[in-house]
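As structure tokens, the structure follows; a few thoughts come after it.
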Amino acid sequence: MDQTRQTTSFPARQSLPLWKQLLVWGALLLLLIILGLSVARSGNTILGVWSRVPEFSLTFLAGYHFVSAEAVKLSDLCGKGVLVNFRASWCTPCQSEAAALETAWRSHQPFGQAVFPGVDYGDTNSEARSYLAEFGIPYPNGPDLQTRFSQLFNRNLGIQETYLIDQQGILRSIQTGPFQSADQIQELIDPLLGGN
Amino acid sequence: MKRLVWIPGILMIFLVLSIGRAYAQQPTPSDDQVNAIASQLFCPVCENTPLDVCPTEACHQWRELIRQMLAQGKSEADIKQYFVEHYGARVLAEPPATGLNWLVYIVPPAAFLVGVFLLYLAFRTWKQTRPASVIATTPLQDKRKTIPESGSSSKTTATYKENDEYIARLEEELRKQS
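Note that the protein sequences, when read in sequence, are chains P and A. Counting in the numbering used here, the first sequence runs without a single skipped number right up to 196 at its last residue. Counting in the numbering used here, the second sequence runs without a single skipped number right up to 1178 at its last residue.
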């Protein structure tokens, strides 16, 4: 009963050479680095209510000034309420709130405690100017150059939005969609300014 | 009569000026010319939509701006540069090959080449480690595909055509138990 004699050759289980292991781990590490960099690059922290608004600068369209300056920084507005209003000529809801914003601005302008910088998003210069002329918007407006403002506020593109910043540079309110009346704007700003 | 001498001269000057102005004005660029550039840009509002097929009012305005710039004699590069300066590099369909954007152009072909190389190594390893023969002399052989060699019937030697590791291990276990 010679049943046991057997010469069998099996492939020995071999581990990967060191250089191959290093190659695989290196590739994985590189992938993680790329992912991390892309997230850090595109993922601005979401600007929520009660968060500090980073410094920004808005250069106005020709003909608009703030205290005779053609641009304004957030740090220049320390001590004032700031109502940053995003709008565009192609944005139909923006047109419906233009009158309310103007009324609110005119009621606050004599006191100098609130500023209404308008940010023109994704517009051509000629269309932006036509819009401002058509609705007679008097407060300073500037283009969202290179969409830096939009990215700073991490706003929803295509949706009309307004951000209220208090005297200390803290974001206090986000209005999505148009204001229905000047009173609605006053109700937001007045508590910040102590009733003025 | 002396005054009349000047009249043809003045007429000639007007003629030259009017011809010059006519040549300076470009014909209105066609939709195809506009869309050739618009297809390289993206809608500012509805993300991931090329400008040439975007139906929004914002995109319509942008296309009209491209038409105006073409009529002014601006080149494709000038127009794209203008859009980048005003709306940021994110409007470009193809990101500029600067900074981290280089990764877009480098990583996919590099990953492909690495994959091909790894496959080559794997195939080569499999080929080398394949056992040339598995020789067994157990009765189990008779039930499998075997090739008898040189007329030996009592002690059969066979070469498996398949590298069946599972069966080989099974045989080993049987051998240990017997």
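Ideal placement from N, C-alpha and C gives every residue a C-beta, glycine not left out.
- Between Ser96 (chain P) and Ala182 (chain P), the gap from beta carbon to beta carbon reaches 9 Å or more.
- 9 Å or more divides the Cβ of Leu83 (chain P) from the Cβ of Ala62 (chain P).
- DSSP places Glu161 (chain P) in the strand class (E or B) of the three-state scheme.
- In the DSSP annotation of this structure, the continuous segment of the alpha helix (DSSP H) that includes Lys1127 (chain A) starts and ends at Trp1102 to Thr1129.
- Taken through DSSP and simplified to helix, strand or coil, Phe1042 (chain A) comes out as strand.
- For Pro93 (chain P), the enclosing alpha helix (DSSP H) stretches over residues Thr92 to His108.
- Fewer than three Cβ pairs drawn from the region 1054 to 1070 of chain A and the region 1094 to 1113 of chain A lie within less than 8 Å of each other, which leaves the two stretches out of contact.
- Contact between Leu47 (chain P) and Phe153 (chain P) holds: CB atoms are separated by about 5 Å, below the 8 Å threshold.
- In the DSSP assignment, Gln146 (chain P) falls outside any alpha helix (DSSP H) and carries neither an H nor an E.
- Contact note: Glu1057 (chain A) reaches chain P through Trp90, using a C-beta cutoff of 7 Å and chain order.
- Rounded to the nearest whole angstrom, the CA to CA distance from Glu134 (chain P) to Ala99 (chain P) is 11 Å.
- Rounded to the nearest angstrom, the Cβ distance from Pro143 (chain P) to Gly118 (chain P) is 10 Å, too far for a contact under 8 Å.
- A residue is called buried when at least 16 other Cβ atoms come within 10 angstroms of its Cβ; Val1053 (chain A) does not meet this threshold and is exposed.
- Listed along the chain, the chain A residues whose CB falls inside 7 Å of the CB of Ala27 (chain P) are Val1114.
- No Cβ of chain P is located within less than 9 Å of the beta carbon of Ala1038 (chain A).
- For Leu58 (chain P), the pairing in a beta bridge is given by DSSP as P:Val72.
- The way I'd put it, the region 88 to 95 of chain P doesn't touch the region 46 to 60 of chain P; fewer than three beta-carbon pairs between them come closer than 8 Å.
- Straight across, the Cα-Cα distance linking Ala1168 (chain A) with Thr1125 (chain A) is about 21 Å.
- Phe179 (chain P) is positioned such that its CB atom lies closer than 9 Å to that of Leu101 (chain P).
- Identification of residues in the region 120 to 131 of chain P having a C-beta nearer than 9 Å to some C-beta of chain A yields Tyr121, Gly122, Asp123, Thr124, Asn125, Ser126 and Glu127, given in sequence order.
- Listed along chain A is no residue with a C-beta nearer than 9 Å to that of Gln186 (chain P); the closest approach is about 30 Å.
- For Leu1092 (chain A), no beta strand (DSSP E) encloses it, and the DSSP letter there is neither H nor E.
- Within chain P, no residue has its CB atom less than 8 Å from the CB of Tyr1166 (chain A), the nearest being about 11 Å off.
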